[in-house]
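Engineer: Sending over a structure as C-alpha cells; questions will come in a sec.
Residue numbers (my numbering): 462 to 707.
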C-alpha cells in the first residue's frame with residue numbers, strides 16, 4: 462500500500478482535523494477539502510490495488526449536495542452520486558447530471574455497475590449500515606473496490622456537533638444538552654439520524670468479505686496499528702476506513 466501510506470502524513474492529519482471546526486458554519490470549506498482528500502485517497506488505493514481512478518465509474522453513496530463530484534472529475538473518473546434526502550441534494554446549489562435520489566440500503570442500480578463504490582461518513586447516520594455495505598458490494602463489479610469510511614462512536618467526534626465528551630455520558634444526554642443550550646435540536650439527532658457504531662462492528666463485517674485494508678483515516682500511517690488493538694481502537698480511531706475487493 463505504498464501510495465496510500467505515502468498520503469497518510471502527520472501534516473495531512475492536522476489539516477483535516479483543523480477543518481472540522483467549519484463543518485457547521487462553512488460546509489463549503491470543510492466538505493471541499495474533504496472531497497479533495499477523499500479523491501486523493503481513492504486514487505492512491507486504486508493504484509496500490511492495481512486499478513485506476515482515471516476512466517473508472519465511481520459511485521458515491523450518500524454524496525449529499527455534490528461537493529465531491531469535481532474532485533473526482535479532475536482525476537478522470539465518471540462520478541455518480543446517490544442521496545436519500547432531497548434537501549441535502551440541493552443544499553449547496555450544485556447541479557449534477559449523475560445524481561440520483563435513493564436509499565443506500567436499496568441502491569437503485571444493477572449488479573456490477575461500478576468499478577469503485579465508496580461511502581464517506583454515512584454509516585453512523587443510518588440504523589443498518591452493514592445492509593448498505595452489502596448493497597455497495599452488489600453494485601460493484603468483480604475485482605472492483607468498495608471503500609466504506611465512517612465515524613466511530615467512542616472516538617472524539619462520535620457525537621458530531623453535540624460535543625467532544627457529552628456522548629461518552631450517552632447519546633440521548635448529548636442530544637438533550639445540545640437542545641437546551643442552543644434552543645433547537647442538533648442537525649444529527651441521536652437515535653434518529655446518528656447512531657452508535659463501533660470499530661469492532663465494522664471490522665467484524667469486513668472479516669466476512671475480501672478485505673484489503675482497514676485503517677484510521679485521520680491518522681498518519683505509522684499510527685495505523687491502533688485498529689488492531691481492541692478497546693483502544695474505539696477511543697482513538699475517529700474514523701475507520703474499510704477497503705474491500707468486490
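The beta-carbon is built from N, C-alpha and C at its ideal position, and this holds for glycine as well.
State buried or exposed for residue 554, treating a residue as buried only when at least 16 other CB atoms are found within 10 Å of its CB.
Structural biologist: Residue placement at residue 554 is poorly supported in this model, since its pLDDT is 46, which falls under 50; the coordinates still yield a value, given next. It counts as exposed.
Engineer: Whole angstroms is fine: what's the gap from residue 516's alpha carbon to residue 537's?
Structural biologist: Straight-line Cα distance between these residues: approximately 6 Å.
Engineer: Taking the straight line between their C-alpha atoms, what separation do you get for residue 695 and residue 660?
Structural biologist: Between residue 695 and residue 660, the C-alpha separation is close to 6 Å.
Engineer: Answer yes or no: do residue 560 and residue 544 have a C-beta to C-beta separation smaller than 8 Å?
Structural biologist: Yes; because the gap between Cβ atoms is below 8 Å, this pair is in contact.
Engineer: Roughly how far, in whole angstroms, is the beta-carbon of residue 606 from the beta-carbon of residue 534, given that I think they are within contact range, below 8 Å?
Structural biologist: In fact, because the Cβ distance is near 18 Å, the residues do not count as touching under 8 Å.
Engineer: Give the straight-line distance between the Cα atoms of residue 511 and residue 667, rounded to the nearest whole angstrom.
Structural biologist: In a straight line, the C-alpha of residue 511 is about 20 Å away from that of residue 667.
Engineer: Less than 8 Å between the C-beta atoms of residue 675 and residue 688, yes or no?
Structural biologist: Yes, the Cβ-Cβ distance between residue 675 and residue 688 is below 8 Å.
Engineer: Please confirm whether any heavy atom of the ligand GDP lies closer than 7 Å to the CB of residue 688.
Structural biologist: With respect to the ligand GDP, the structure offers nothing, as it holds no ligand at all.
Engineer: Going straight from the alpha carbon of residue 637 to that of residue 646, what length do you get?
Structural biologist: Between residue 637 and residue 646, the C-alpha separation is close to 8 Å.
Engineer: When we look at the beta-carbon of residue 630 and count the other beta-carbons within 10 Å, is it buried (16 or more) or exposed?
Structural biologist: The residue is exposed, with fewer than 16 neighbouring Cβ atoms inside 10 Å.
Engineer: Assuming residue 566 and residue 520 form a contact by the criterion Cβ under 8 Å, report the distance between their Cβ atoms to the nearest whole angstrom.
Structural biologist: Not confirmed; about 14 Å, so no contact.
Engineer: Going by the CB atoms, is the gap between residue 648 and residue 673 shorter than 8 Å?
Structural biologist: Not a contact, by the Cβ cut-off of 8 Å.
Engineer: Hey, could you find the ends of the alpha helix (DSSP H) residue 662 is sitting in?
Structural biologist: Residue 662 -> alpha helix (DSSP H) spans 660–668.
Engineer: Would you grab the beta carbon distance between residue 522 and residue 610 for me? Rounded to a whole angstrom, and I think it's under 8 Å.
Structural biologist: About 11 Å; that fails the 8 Å criterion.
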